[in-house]
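Going letter by letter, the sequence shown gives residues 92 to 379 in our numbering.
Taking it in order: structure first as structure tokens, then the write-up.
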Amino acid sequence: MRQFQDSYSEATQHLGLERGIKGSRAQHQEIKDFYSIVNAGIEPDSSLTQLQLQAKAADRDRAQAKKQQMEATAKAKALENELKDKRIKELEAQVAFWQEQTKLLRDLALEDVAWELGLNYERERWRGHGHIINIDGSKFYDFAPEHSKGGGGAIDLVMHVNQCNFRQAVVWLDERFGSDGVERAANAHVKNRAADIIQTEPRPQFTPPVEDKSNWTAVERYLNQFRGIPSDCVQMLHNQGLVYADQQQNAVFVMRNQQGQRNGAFLRGTRGRAGEAVTKCKLNSLVQ
Numbered sequence: 092m093r094q095f096q097d098s099y100s101e102a103t104q105h106l107g108l109e110r111g112i113k114g115s116r117a118q119h120q121e122i123k124d125f126y127s128i129v130n131a132g133i134e135p136d137s138s139l140t141q142l143q144l145q146a147k148a149a150d151r152d153r154a155q156a157k158k159q160q161m162e163a164t165a166k167a168k169a170l171e172n173e174l175k176d177k178r179i180k181e182l183e184a185q186v187a188f189w190q191e192q193t194k195l196l197r198d199l200a201l202e203d204v205a206w207e208l209g210l211n212y213e214r215e216r217w218r219g220h221g222h223i224i225n226i227d228g229s230k231f232y233d234f235a236p237e238h239s240k241g242g243g244g245a246i247d248l249v250m251h252v253n254q255c256n257f258r259q260a261v262v263w264l265d266e267r268f269g270s271d272g273v274e275r276a277a278n279a280h281v282k283n284r285a286a287d288i289i290q291t292e293p294r295p296q297f298t299p300p301v302e303d304k305s306n307w308t309a310v311e312r313y314l315n316q317f318r319g320i321p322s323d324c325v326q327m328l329h330n331q332g333l334v335y336a337d338q339q340q341n342a343v344f345v346m347r348n349q350q351g352q353r354n355g356a357f358l359r360g361t362r363g364r365a366g367e368a369v370t371k372c373k374l375n376s377l378v379q
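Structure representation (structure tokens):
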């Protein structure tokens, strides 16, 4: 082996290659360890053992992995913060939208309207043009003897003081408060009128179809034989007044509200051939 190494050294000497020390027992460094050191820009330290070099390479690999992990965590945090900022902006936009919607649902301040009407606030009343008006939120009352009248909302106040109609009051408000102000006043006006109607308008009472007991046998047979409802169930509902027969031999199913009060009925025709009964929904006339 040594002779082969000697002859190889002599043959390549003209190329500038030098033979290693004869008889040396030095261990060669692993290629992967050497290239790890080269790539890191560190010159091999001949004073370190193979185990020490491997330990340094392992430390460097762990540091590189930790660095990559930290970079990935930082990117994830940046993305998370970006999404949070986007969500915050969306929520802020929603808040602004609903604040604007809430503003539109509120009437104009009656104090501002009274001022525009030329009234002056004196001794806890808005006075002028023969009026002595007390304002309490969205309501007002005129204590002047020739008026003695109250109302609610900006449009009512303008109609009262200016002695004008609804259309004229709307135009007057538009000239002073703009279209947004008119919209707010109109919304409040409709809301107030709806509340007044709900409180004062009598509610229609539901009148159920007249029961005809002579037709009950036919209706009961239809429900049991053709609709498959058990006889005991039909009889129980009939005893509770929830289903009965009318003069036209319809099956009348009574509707009730959450308080148990009758507020409508559904009719099912039972005449004709089996399976060809006509369904009748008298919702408009029977349901309150």
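We put the beta carbon where it would ideally sit given N, CA and C, even for glycine.
1) Under the DSSP definition of a beta bridge, which residues are partnered with V262?
2) Any idea what DSSP makes of N348, helix, strand or coil?
3) In whole angstroms, what is the alpha-carbon distance linking T361 and V334?
4) Taking all protein chains shown into account, decide if E311 is buried (16 or more other Cβ within 10 angstroms of its Cβ) or exposed.
5) In this structure, does DSSP put I223 in helix, strand or coil?
6) Can you say whether M391 is buried or exposed, counting buried as having 16 or more other CB atoms within 10 angstroms of its CB?
7) State the Cα-Cα distance for the pair N348 and D247, rounded to the nearest angstrom.
8) Under three-state DSSP, which class holds V301?
9) I believe F231 touches G219 by the beta-carbon criterion, under 8 Å. Please report the beta-carbon distance rounded to the nearest angstrom.
10) Specify whether the segment 197-215 and the segment 276-284 touch according to this definition: at least 3 beta carbon pairs, one from each stretch, less than 8 Å apart.
11) On the three-pair Cβ rule with 8 Å, is the segment 329-344 touching the segment 298-310?
12) Taking the alpha-carbon of D337 as reference, which of L358, Q331, K180 has the nearest alpha-carbon?
13) Spatial neighbours of K177 within its chain, please: C-beta separation below 6 Å, excluding the five flanking residues on both sides.
14) Buried or exposed: where does V345 fall if 16 or more other Cβ atoms within 10 Å of its Cβ makes it buried?
15) For V62, does the count of other Cβ atoms within 10 angstroms reach 16, so buried, or fall short, so exposed?
16) Return the CA-CA distance between G228 and A165, expressed in angstroms with no decimal places.
17) Kindly indicate the opening and closing residues of the beta strand (DSSP E) around D233.
18) Am I right that D233 and I226 are in contact with their C-beta atoms under 8 Å? What's the rounded C-beta distance?
19) Where does D97 land, buried or exposed, given buried means 16+ other C-beta within 10 angstroms?
20) Give every residue of the same chain whose Cβ lies closer than 7 Å to the Cβ of E237, excluding the five residues on either side of it in the sequence, and list them in chain order.
21) Report yes if the C-beta distance between N354 and F297 is below 8 Å; otherwise report no.
22) Is L208 buried or exposed, if buried means 16 or more other CB atoms sit within 10 Å of its CB?
So, from the listed chains and residues:
1) The bridge partners DSSP lists for V262 come to none.
2) In the structure shown, N348 sits in coil (DSSP, three-state: anything other than H, G, I, E or B).
3) If you draw a straight line from the Cα of T361 to the Cα of V334, it is about 13 Å long.
4) buried
5) If DSSP states are grouped into helix, strand and coil, I223 belongs with the strands.
6) Lying before the first or after the last residue shown, residue 391 is absent from the chain, which here runs from 92 to 379.
7) 37 Å
8) coil
9) About 14 Å separates the two Cβ atoms, so there is no contact after all.
10) yes
11) Taking 8 Å as the limit for Cβ pairs, the verdict is that the segment 298-310 does touch the segment 329-344.
12) L358
13) none
14) buried
15) Nothing in the structure corresponds to residue 62, since the chain is present only between 92 and 379.
16) 55 Å
17) Segment 230-233, the beta strand (DSSP E) holding D233.
18) Contact flag wrong, Cβ pair sits at about 10 Å.
19) exposed
20) The beta carbon of E237 sits closer than 7 Å to the beta carbons of G221 from its chain, once the five residues preceding and following it are set aside; these are given in chain order.
21) A contact, by the Cβ cut-off of 8 Å.
22) buried
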